[in-house]
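Protein chains in written order, with our numbering: chain A, 1 to 409; chain B, 410 to 673.
Heads up, the beta-carbon is just placed ideally off N, CA and C, and yes, glycines get one too.
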């Protein structure tokens, strides 16, 4: 129950030069095929074990939605096979096939019946579905007047009314507001704890990294990478900026993590260190300590603009704090070849106890998509310990001043 | 075949629910609600009766002088209405449900079942009123009435088989949808529904046999207007044709069902 097996899956759409050629091919089945095949997916194989959560990422057009359609059976594979064991609930795009003229309630019944609920079961589940979707009296209005957020809330509510063995979600949740996103991910997490297998397509890095055990990267219809979400997301990010150069390298570090380096190389980081108040290089810092992140950059070509950015991440790869010199209004213009630049970022360590890494990037304007000179993940690692502050938990150190008044009755 | 039937049974609440919903939505925001289901065909019958009864009275001597022509007309019009509703809705069913087909996986064969059930529901409503009228006016045909069941069955199989073929073809070649509307118009007038075959010039009359609907309509008219058992041998060609179309439609459906989703 809950296993997903995909073997050598491929999907192509037939393209005919004209309607007449299609007719000719139908009427004369023994003649040569006169269509061309447009391959959307090629040779995809993976297995998802029961209870696992897999994230599917890739740029628009990589084939993610097609893969999910093949998984749920709404379209047939051209090559290969798909096998799903157990009850499947799928949310492909927004509406789950909602009919615009039916009311929300009628659509819930329709979608529920299609998901395999009986009439009596649906009537029993109705109050819960209404309560979760929280669209109030709109549930008795035709769906065509709903906003996309409301449609999604209703669709998610119906699809997850009963815990399925396999849950497939395609990019739909992005449409909801923060409150509903929290609610839906809470429910997804709860089902995962109870053993539901999850397949989710998302562009939301945080969502994928926090929920998924594994990630699959699709690129131009092929399985480009499969592995730990952090490594796959790093590779994906690097790929986004690195279309032509193809110089994305990934290396294993000593403690088993994967470092991703990419970029055109016109500027590079030659040294990065954390300096304490005594001008010493440190790798362990205290909560609340004043430190300086010092980065030395070597420029290998004349550059019109140079921006240095850094991102502090926790041990799970979640971003904790990141900024760049453009946001700090200190980007450099007209940097000559051969220049060596030392950047210093001073700050107080307002972080919780734990291990952290720093990723650095050299680029133009305010992000690395435009022109990426270098992107280096895991450029520096450091640990934070708590020696002289009061005990606390969490990623952020937000020391409160506490006051407590006792009211005499 | 068996797995399809099992799948259809598993989805029966969807099928029943869909028929219910279609009926509800049609009359949702109207003041008169479901009465429109009756008013439409009634109006059509009244118009035809008024225009044609004068022309036709002399030509149908064996009928009851007051209502004879109306009953004759209804026999053909109502059953033709069932045929055309099934064929028309089936021809566009995949395109109409494109949204649903692309988002959720369900047995595609539910759609023709829903079309037939929905059309039958509308038919029974108006036909029920017609039968009440027959009983009240004393024109009930008696025992030959039960012959309606097999003849209706042949009509329905003919309609839905044709509908499935057209429905599948229409996805790939949209001309089918456009063309069928025109064909139906001509077909209606080439069938002796409003008139009787006897008013046609004697040279043309044998050609009417080529129209599969002629024998069906003649049977209905015979049963309801004259209380006559149908001529079973005349129904044989159309029955064989229906069976053939049925097989053809199922084959075509099975062959192309997977491709449909990619084209809509």
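Backbone CA spacing between residue i and residue j [nearest angstrom]
i, j, result
"residue 238 (chain A)", "residue 211 (chain A)", "22 angstroms"
"residue 440 (chain B)", "residue 219 (chain A)", "55 angstroms"
"residue 628 (chain B)", "residue 28 (chain A)", "40 angstroms"
"residue 50 (chain A)", "residue 214 (chain A)", "13 angstroms"
"residue 251 (chain A)", "residue 258 (chain A)", "6 angstroms"
"residue 517 (chain B)", "residue 376 (chain A)", "51 angstroms"
"residue 566 (chain B)", "residue 201 (chain A)", "44 angstroms"
"residue 102 (chain A)", "residue 126 (chain A)", "16 angstroms"
"residue 659 (chain B)", "residue 77 (chain A)", "22 angstroms"
"residue 82 (chain A)", "residue 575 (chain B)", "31 angstroms"
"residue 662 (chain B)", "residue 63 (chain A)", "28 angstroms"
"residue 389 (chain A)", "residue 291 (chain A)", "16 angstroms"
"residue 394 (chain A)", "residue 312 (chain A)", "15 angstroms"
C-beta neighbour in chain A for residue i, strict 9 angstroms
i, result
"residue 426 (chain B)", "yes"
"residue 420 (chain B)", "yes"
"residue 640 (chain B)", "no"
"residue 430 (chain B)", "yes"
"residue 434 (chain B)", "yes"
"residue 503 (chain B)", "no"
"residue 635 (chain B)", "no"
"residue 437 (chain B)", "yes"
"residue 591 (chain B)", "no"
"residue 679 (chain B)", "With chain B covering only 410 through 673, there is no way to say anything about residue 679 (chain B)."
"residue 514 (chain B)", "yes"
"residue 423 (chain B)", "yes"
From the options, residue whose alpha carbon lies closest to that of residue i
i, options, result
"residue 422 (chain B)", "B:608, B:595, B:515, B:653", "B:515"
"residue 600 (chain B)", "B:484, B:428, B:413", "B:484"
"residue 72 (chain A)", "A:114, A:17, A:137, A:279", "A:114"
"residue 420 (chain B)", "A:133, A:119, A:85, A:348", "A:119"
"residue 128 (chain A)", "A:105, A:142, A:116, A:149", "A:105"
"residue 466 (chain A)", "A:217, A:223, A:381", "Any question about residue 466 (chain A) goes unanswered here, given that chain A covers just 1 to 409."
"residue 117 (chain A)", "A:146, A:164, A:99", "A:164"
"residue 154 (chain A)", "A:278, A:130, A:348, A:69", "A:130"
"residue 622 (chain B)", "B:608, B:662, B:563", "B:563"
"residue 339 (chain A)", "A:355, A:297, A:365", "A:297"
"residue 337 (chain A)", "A:304, A:79, A:393", "A:304"
"residue 323 (chain A)", "A:135, A:170, A:360, A:394", "A:360"
"residue 543 (chain B)", "B:671, B:481, B:528", "B:481"
"residue 632 (chain B)", "B:646, B:596, B:548", "B:548"
"residue 346 (chain A)", "A:400, A:276, A:174", "A:276"
"residue 493 (chain B)", "B:513, B:593, B:535", "B:593"
"residue 665 (chain B)", "A:9, A:19, A:26", "A:26"
9 angstroms Cβ cutoff, residue i in contact with chain B
i, result
"residue 74 (chain A)", "yes"
"residue 22 (chain A)", "yes"
"residue 83 (chain A)", "no"
"residue 14 (chain A)", "yes"
"residue 348 (chain A)", "no"
"residue 402 (chain A)", "no"
"residue 151 (chain A)", "no"
"residue 395 (chain A)", "no"
"residue 388 (chain A)", "no"
"residue 217 (chain A)", "no"
"residue 329 (chain A)", "no"
"residue 101 (chain A)", "yes"
"residue 236 (chain A)", "no"
"residue 111 (chain A)", "yes"
"residue 26 (chain A)", "yes"
Proximity of residue i and residue j at Cβ, strictly below 9 angstroms
i, j, result
"residue 152 (chain A)", "residue 172 (chain A)", "yes"
"residue 283 (chain A)", "residue 381 (chain A)", "yes"
"residue 668 (chain B)", "residue 581 (chain B)", "yes"
"residue 398 (chain A)", "residue 350 (chain A)", "yes"
"residue 86 (chain A)", "residue 21 (chain A)", "no"
"residue 450 (chain B)", "residue 414 (chain B)", "no"
"residue 497 (chain B)", "residue 590 (chain B)", "yes"
"residue 265 (chain A)", "residue 39 (chain A)", "no"
"residue 523 (chain B)", "residue 569 (chain B)", "no"
"residue 68 (chain A)", "residue 54 (chain A)", "no"
"residue 299 (chain A)", "residue 269 (chain A)", "no"
"residue 461 (chain B)", "residue 618 (chain B)", "no"
* Can you list, in chain order, the stretches of the beta strand (DSSP E) that have 3 or more residues and sit fully within the stretch 17 to 60 of chain A? -> For the stretch 17 to 60 of chain A, whole beta strand (DSSP E) runs of length 3 or above, ordered along the chain, are 36 to 48, 53 to 57.
* Enumerated in chain order, which unbroken segments of the alpha helix (DSSP H) with a length of 4 residues or greater are wholly contained in the stretch 442 to 530 of chain B? -> 445 to 465, 477 to 500, 502 to 505, 507 to 512
* To do: Please specify which runs of the beta strand (DSSP E), each continuous and at least 3 residues long, are wholly inside the stretch 53 to 111 of chain A, giving them in chain order.
  => 53 to 57, 79 to 84, 88 to 92
* To do: Could I get the ranges of all uninterrupted alpha helix (DSSP H) runs contained in the stretch 161 to 230 of chain A, with 4 residues as the minimum, in chain order?
  => 178 to 193, 205 to 211
* At what residue ranges does the stretch 587 to 630 of chain B contain a whole run of the alpha helix (DSSP H), taking only runs of 4 or more? -> 621 to 630
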